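The listed protein sequences derive, respectively, from chains W and P.
Residue 1 is where the first sequence starts when you use this note's numbering, and the numbers rise one by one after that.
Residue 1001 is where the second sequence starts when you use this note's numbering, and the numbers rise one by one after that.
Idealized CB from N, CA, C, for every residue including glycine.
Predicted model only: the values in this text are computed from it and were never measured.
This report refers to the structure that appears directly beneath it.
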Amino acid sequence: MYPHERSLVDRLRDEPFTIIGVNSDPPDVYRTAVEENDISWPSFFDGGTTGGPIATRWGVRLWPTVYTFDHEGVIRAIGHAVDEELVDSLIEAARQN
Amino acid sequence: MIRESPPGHLAGIVLVVLAPLLLSGCSREEPALAALEELRSVVRADYDTGEYDYEGIRSKYYPDYAAFAQRWRGTEAGLQAELWILQTIRNADLRQEFSAPEVTDKLDAIFAEYGHSPHIYHMADSWYSLPSEELEERFDYLIEHSPDARVRAASMYALVDAGSRDNASAELAGRREALLNDLVRDYAEVPWNSTTFGEIAAAELNPHDPADLEVGDRAPEITGRNIDGEEMKLSDYLGNVVVLDFWGDW
């Protein structure tokens, strides 16, 4: 998943677009993953375990789970991978506003 | 004081004699954990050859874990070895190769040895591989009697988890909210993974309604922190298209 997300972030660097993580790793695992995979986007730290407070509140039980929001914060997709076409069309809509 | 009273003097001598033993008792923990790590890496390497399946590898190393648990009895690593053995017996029990009394006997032996140790925390932490009906009364015992706040809190959260399972008794399921409220009230600052029992219990008590998390709904706010403790809010990114990725490195 990292290479895909990395290239998406690179390609959309100048667009109104952000990846935000909710990370379930223990701190040392998270730090190593960020360093080794050039992860540039921010993550909420969710207690260092699957089933942390944010995942529990959102009812997430499978990882990865990916929500896509439009520029007004409305949920447009829920899945287990990034839908790049959807992201492009949402950015297009955001630009026209 | 020791100088003046013969019994005290005697106690002094006894202490001098016992001191190395007491010290060696404390310092067994670290070598035990190192030895456990060594055993685990041997098992892992053997498993990685692909020659054994999950159950095969457990059968093969059962005697090693049994010897380990005996050798390092009373230590944290010793308890972890016992939990590995318990899970192996439990797995076999599910396949009807062991009778249920063996599971109960093993549980009794573990509680007899470790029931008053803070390390029994690992039991609450790995309850899900264990027969929950057997554990309920034991966790209740720990909640009542353990002097260690983390053991009590972990036991309560284990019961919350067990009570959330499909096969939970109505009685256990009915205790869920009271247990969570107790955790929030009395154990808020006790560590759970890298957060606290207060945080996780509050989330369990107030989950978002799934009906509010569907396509077309406005995303609820998330306030939290990054790994460096800096505050973050989902709403800081309004105006951007956002991919919210629940992820882990595995």
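Query: Which residues of chain W have a Cβ atom closer than 8 Å to the Cβ of residue 1208 of chain P, listed in chain order?; Result: 57, 58 and 59
Query: Check whether chain P comes within 8 Å of residue 76 of chain W, counting only Cβ atoms and requiring the distance to be less than that.; Result: yes
Query: Quick one, which of W:61, W:57 and W:80 has its alpha-carbon nearest residue 67 of chain W's?; Result: W:80
Query: In the region 2 to 15 of chain W, which residues sit with their C-beta less than 7 Å from some C-beta in chain P, listed in chain order?; Result: none
Query: If you draw a straight line from the C-alpha of residue 98 of chain W to the C-alpha of residue 1184 of chain P, how long is it?; Result: The first residue shown for chain W is 1 and the last is 97, placing residue 98 of chain W beyond what the model contains.
Query: Using a cut-off of 8 Å between C-beta atoms, extract the partners of residue 1226 of chain P located in chain W.; Result: 42, 43, 44 and 45
Query: Give the single residue among W:2, W:23 and W:73 whose Cα lies nearest to the Cα of residue 55 of chain W.; Result: W:23
Query: Which parts of the region 20 to 92 of chain W are runs of the alpha helix (DSSP H), unbroken and 4 residues or longer, counting only runs that do not cross its ends?; Result: 27 to 36 and 53 to 58
Query: Got a sec: is the Cβ-Cβ distance from residue 70 of chain W to anything in chain P below 8 Å?; Result: yes
Query: Can you find a CB in chain P that lies within less than 8 Å of the CB of residue 25 of chain W?; Result: yes
Query: Going by C-alpha distance, which of P:1165, P:1151, P:1027 and P:1032 is nearest residue 1069 of chain P?; Result: P:1032
Query: What did DSSP end up calling residue 1218 of chain P once you bin it into helix, strand or coil?; Result: strand
Query: Starting from the beta carbon of residue 1247 of chain P, find every residue of chain W whose beta carbon is closer than 8 Å, and list them in chain order.; Result: 1, 21, 22, 23, 24, 43, 63 and 64
Query: With which residues is residue 1233 of chain P paired in a DSSP beta bridge?; Result: P:1223
Query: From the beta carbon of residue 1165 of chain P, is the nearest beta carbon of chain W less than 8 Å away?; Result: no
Query: Any Cβ of chain W within less than 8 Å of the Cβ of residue 1194 of chain P?; Result: yes
Query: Check the C-beta distance from residue 1195 of chain P over to residue 1189 of chain P and give it rounded, since I have them as a contact under 8 Å.; Result: Going by Cβ atoms, the distance from residue 1195 of chain P to residue 1189 of chain P rounds to 11 Å, so no, they are not a contact pair.
Query: Residue 116 of chain W versus chain P: which residues are under 7 Å apart at the beta carbon?; Result: Residue 116 of chain W cannot be examined here, being either before or after the span of chain W that is shown, 1 to 97.
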